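Protein chains in written order, with my numbering: chain A, 5 to 393; chain B, -11 to 42.
Backbone N, C-alpha and C fix where the C-beta goes; we use that ideal spot for every residue, glycine too.
Keep in mind the model is a prediction, meaning the values are calculated, not measured.
Worksheet for the structure shown next.
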Amino acid sequence: MKKRPYIYADNAATTRLAPEALEAMMSYLTDEYGNPSSLYSFSRSAKKALADARAVIAECIGASPEEIFFTSGGTESDNWAINNFVFAEFHRKRKILISPVEHHAILNSCSKVALVSHYVIGTTPVDKTGKIIIPDYEEHVSECPDGISIMLANNEIGTIEDIEHLTRIAHRYNLPFHTDAVQAMGHIPINVKTLDVDMLSASAHKFHGPKGIGFLYVKSETPMGSFIEGGQQEAGRRAGTENVAAIVGMATALRLCCERMNEVTARLAEMTACFRKIINTNLPEATFNGDPEHRLPGHISLSIPGISGEGLLHVLDLQGIAISTGAACNSKSTEISHVLKAIELPEKLAKGTVRITFGAYNTVDQAQYIADKIVKYYKTAVGVGHARS
Amino acid sequence: MVDKNAVGLNKKLLGENVSKFFCLSCLAENLGVSVEDLIAKIEEFKAQGCKLFS
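What follows is the structure, encoded as structure tokens:
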């Protein structure tokens, strides 16, 4: 029997490079390798590619080209944004407000700022779906922190925050607002003017672009410090010779995602509906995490009471399927993710949580196959007396 | 024969509170994979330093 090809259903972790992006990159990896900062004509095409890519990305998110700063990815963009709150000393309260479900790129960057610059990190709570609790948020904002960073969509549970509402409240107090849009970029419509954010982070490999490249949007007139010292690249704020090929690949991938968004979103809805139907029919005790309506397309966070999410991940891997888990074992214990803790998911459910994230290259047939395999795994686990404890 | 590695793999794949243990060939049959795949997984867990395996 022919072996089924490996099914990749962990698109929240990373995505396959779009062939169109690879094709667009190739000439800058081979023939057109000039340094865009050089003065001779050989570098002209690289310089133009850089400007064109910046313009494409800006257009995709409703920004101006000069508001786009290329970085090495989402983590660097997040770190830069947090550092910028410190650099700008917007309100000199020495406080930054975040949510407890932020990515570690924000959480750990804030921890460093707290340690080195003696900033206080405030945390505004979320409800059981991962959405910011507005009255609590308003109270925190009224204390006028130097900056606020709340993610647009959560990588683990898929919940999309109402950023427009959050920035409206923040701007009543003239507070700068950053959003980590790494998980959302290219998958839902994003317009920085509508969201009214002051800074926004994105990473190319989450939307079928290459790894190691991303960008930070910074609204014009926002006070902004440099992040890497050296040459005059990125308006003197982020030194280092630009990765032209990756930047071109990122712009191509984002343009394609925006052009195909409606079609891909519709297909992802079919996949998730098929998957959920099989799970709901066969595993009525299972629950789906995150906001049921305002969520990323193709994103499923599933908790099955009594099973080991990590065990399920490994078994599916053996069966040629890649998914992710919300609780991973280390040498001493099973560590439950900070996001599942923040939404107060009971431990029994948290340990049995897996994340399945479909992408543009998945099919309904694959969604059905994965759901069937999960049901079969559950029955095997019940058979050896582990589940239904 | 259910040796320490098979017990470890049962716990790792089916959950730490598992009360019945499959030998590798029965575990492979139940999960629809090959014994070779399971042995490769054991080696992977060992390399990660998992103490369930020897």
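With hydrogens ignored, establish whether the beta-carbon of Glu168(A) is closer than 6 angstroms to any heavy atom of the ligand SAM.
This structure lacks the ligand SAM; in fact it carries no ligand of any kind.
Determine the direct distance from the alpha carbon of Val60(A) to that of Pro40(A), and round the result to whole angstroms.
The residue given as residue 40(A) occupies position 36 in the first sequence. The residue given as residue 60(A) occupies position 56 in the first sequence. So the two alpha carbons sit approximately 18 angstroms from each other.
My understanding is that Leu258(A) touches Ile192(A), with C-beta atoms under 8 angstroms, so please give their C-beta distance in whole angstroms.
Taking the first residue of the first sequence as position 1, residue 258(A) is located at position 254. Taking the first residue of the first sequence as position 1, residue 192(A) is located at position 188. The Cβ separation is near 13 angstroms, so there is no contact.
Does DSSP put Ala157(A) in a helix, a strand or coil?
Within the first sequence, numbered from 1, the residue matching residue 157(A) stands at position 153. Here Ala157(A) sits in strand by DSSP.
Under 8 angstroms between beta-carbons, which chain A residues line up against Asp(-9)(B)? List them in chain order, please.
Position 3 of the second sequence holds residue -9(B). Per Cβ cutoff of 8 angstroms: no residues; Asp(-9)(B) is ~17 angstroms from chain A at best.
Beta carbon proximity, Val386(A) to chain B, threshold 7 angstroms:
Start at 1 with the first residue of the first sequence, and residue 386(A) comes out as number 382. Chain B, which has no Cβ nearer than 7 angstroms to the Cβ of Val386(A), makes this no.
Over what stretch of residues does the alpha helix (DSSP H) that includes Val196(A) continue unbroken?
Looking up residue 196(A) in the first sequence gives position 192. Unbroken alpha helix (DSSP H) run through Val196(A): 196 to 199.
If the cut is a Cβ gap below 7 angstroms, which residues of chain A does Val20(B) touch?
As a position in the second sequence, residue 20(B) is number 32, starting the count at 1. With the sequence shown as reference, residue 20(B) is identified as Gly, and Val is not the correct amino acid for it. Going along chain A in sequence order, the residues near Gly20(B) (Cβ under 7 angstroms) are Gln323.
Members of the segment 292 to 320 of chain A near chain B, C-beta cut-off 9 angstroms:
Taken in chain order, the members of the segment 292 to 320 of chain A whose beta-carbon sits within less than 9 angstroms of a beta-carbon on chain B are Gly310, Ile311, Ser312, Glu314, Gly315, Leu316, His318, Val319.
Completely contained alpha helix (DSSP H) runs for the segment 82 to 115 of chain A, where each covers 4 or more residues:
none
Beta-carbon contacts of Ser153(A) that lie in its chain and below 6 angstroms, excluding the five residues immediately before and after:
As a position in the first sequence, residue 153(A) is number 149, starting the count at 1. By the criterion of a C-beta distance shorter than 6 angstroms, Ser153(A) is surrounded in its chain by Ile102, Ile110, His182, once the five residues flanking it on both sides are discounted.
Contact residues within the segment -6 to 16 of chain B, judged by C-beta distance below 8 angstroms to chain A
Asn(-2), Lys0, Leu1, Leu2, Gly3, Glu4, Asn5, Val6, Ser7, Lys8, Phe9, Phe10
Let me make sure I understand the geometry here. Which of Ile232(A), Phe211(A), Gln236(A) has the alpha-carbon closest to that of Cys262(A)?
Sequence index remark: in the first sequence, residue 262(A) carries index 258 (1-based). The shortest C-alpha separation from Cys262(A) is found at Phe211(A).
Using alpha carbons as the reference points, say which of Thr171(A), Phe46(A), His303(A), Thr338(A) lies closest to Gly313(A).
For the purposes of this step, residue 313(A) is identified with residue 309 of the first sequence, where counting begins at 1. For Gly313(A), the nearest C-alpha among the options comes from Thr338(A).
For Ser49(A), the first and last residue of its enclosing alpha helix (DSSP H)
In the first sequence, counting from the first residue as 1, residue 49(A) sits at position 45. Per DSSP, Ser49(A) belongs to the alpha helix (DSSP H) from 48 to 65.
Is the segment 270 to 287 of chain A in contact with the segment 372 to 389 of chain A, if contact means three or more CB pairs nearer than 8 angstroms?
Per the Cβ contact rule, the segment 270 to 287 of chain A is in contact with the segment 372 to 389 of chain A (3 or more Cβ pairs under 8 angstroms).
Beta carbon of Thr128(A) nearer than 7 angstroms to that of Tyr141(A):
Walking along the first sequence from the start, residue 128(A) turns up at place 124. Walking along the first sequence from the start, residue 141(A) turns up at place 137. A contact, by the Cβ cut-off of 7 angstroms.
What number of angstroms, rounded off, separates the C-alpha of Gly162(A) from the C-alpha of Thr357(A)?
The sequence position of residue 162(A) within the first sequence is 158, counting from 1. The sequence position of residue 357(A) within the first sequence is 353, counting from 1. Gly162(A) and Thr357(A): Cα-Cα distance of roughly 13 angstroms.
DSSP-derived helix/strand/coil call for Thr163(A):
Walking along the first sequence from the start, residue 163(A) turns up at place 159. Residue state, collapsed to three classes: strand.
Are Thr133(A) and Gly302(A) closer than 7 angstroms when you measure CB to CB?
Locating residue 133(A) in the first sequence gives position 129, counting from the first residue. Locating residue 302(A) in the first sequence gives position 298, counting from the first residue. Contact flag unset, no.
Chain-order list of residues whose beta-carbon lies under 8 angstroms from that of Asp376(A) (same chain, five-residue window excluded):
Here the question's residue 376(A) lines up with position 372 in the first sequence. The residues are Ile282.
If the cut is a Cβ gap below 7 angstroms, which residues of chain A does Lys29(B) touch?
Residue mapping note: residue 29(B) aligns to position 41 of the second sequence, counting from 1. Simply His318, Leu322.
Here's the rule I'm using: 16 or more other beta-carbon atoms within 10 Å means buried, otherwise exposed. How should Asn284(A) be labelled?
Within the first sequence, numbered from 1, the residue matching residue 284(A) stands at position 280. Its Cβ having fewer than 16 others within 10 Å, Asn284(A) is exposed.
Output yes or no for whether 7 angstroms exceeds the beta carbon distance between Val201(A) and Thr171(A).
Locating residue 201(A) in the first sequence gives position 197, counting from the first residue. Locating residue 171(A) in the first sequence gives position 167, counting from the first residue. In this structure, Thr171(A) lies closer than 7 angstroms to Val201(A) by Cβ.
Those residues which DSSP pairs with Gly244(A) across a bridge:
In the first sequence, the residue the question calls residue 244(A) occupies position 240. Partner(s): none; Gly244(A) has no beta bridge.
DSSP three-state call for Ile347(A): helix, strand or coil?
Residue mapping note: residue 347(A) aligns to position 343 of the first sequence, counting from 1. Three-state result, Ile347(A): coil.
Using a threshold of 7 angstroms, state whether the C-beta atoms of Tyr221(A) and Leu204(A) are closer than that.
Residue numbering aside, residue 221(A) sits at position 217 when the first sequence is read from its first letter. Residue numbering aside, residue 204(A) sits at position 200 when the first sequence is read from its first letter. Going by C-beta atoms, Tyr221(A) is nearer than 7 angstroms to Leu204(A).
Measuring CB to CB, does Arg8(A) end up less than 7 angstroms from Gly324(A)?
Position 4 of the first sequence, counting from 1, holds the residue named residue 8(A). Position 320 of the first sequence, counting from 1, holds the residue named residue 324(A). Cβ atoms of Arg8(A) and Gly324(A): closer than 7 angstroms.
Report the rounded CA-to-CA distance for Glu274(A) versus Arg264(A), giving the unit in angstroms.
Position 270 of the first sequence, counted from the start, is the residue given in the question as residue 274(A). Position 260 of the first sequence, counted from the start, is the residue given in the question as residue 264(A). Each residue's alpha carbon lies about 16 angstroms from the other.
Suppose you measure from the CA of Val268(A) to the CA of Asn15(A); what does that come to, to the nearest Å?
The residue you call residue 268(A) lines up with position 264 of the first sequence. The residue you call residue 15(A) lines up with position 11 of the first sequence. Using only the alpha carbons, I get a separation of about 13 angstroms.
Contacting residues, own chain, Cβ-Cβ under 6 angstroms from Ile137(A) (five flanking each side not counted)
Position 133 of the first sequence, counted from the first residue, corresponds to residue 137(A). If we look at Ile137(A) and ignore the five residues flanking it on each side, its Cβ neighbours are Pro129, Asp131.
Using the C-alpha atoms, what's the distance from Leu12(B) back to Val343(A)?
If you number the first sequence from 1, residue 343(A) lands on position 339. If you number the second sequence from 1, residue 12(B) lands on position 24. Their Cα atoms are separated by approximately 35 angstroms.
Is it right to say Thr329(A) is buried, meaning 16 or more other beta carbons lie within 10 angstroms of its own, or is it exposed?
Position 325 of the first sequence, counted from the start, is the residue given in the question as residue 329(A). Per the 10 Å Cβ criterion, buried.
How about Glu216(A) and Met254(A): are their beta carbons less than 7 angstroms apart?
Within the first sequence, residue 216(A) is the residue found at index 212, counting from 1. Within the first sequence, residue 254(A) is the residue found at index 250, counting from 1. It is Gly, not Glu, that sits at residue 216(A) in the sequence shown. No. Outside cutoff.
Which residue marks the beginning of the alpha helix (DSSP H) containing Leu320(A), and which one marks its end?
By 1-based counting over the first sequence, the position of residue 320(A) is 316. Note, Leu320(A): alpha helix (DSSP H), 313 to 322.
Alpha carbon to alpha carbon, how far is Ala67(A) from Lys197(A)? Give it in angstroms, no decimals.
On the first sequence, position 193 is the one that residue 197(A) refers to. On the first sequence, position 63 is the one that residue 67(A) refers to. Rounded to whole angstroms, Lys197(A) to Ala67(A) spans 7 angstroms at the Cα level.
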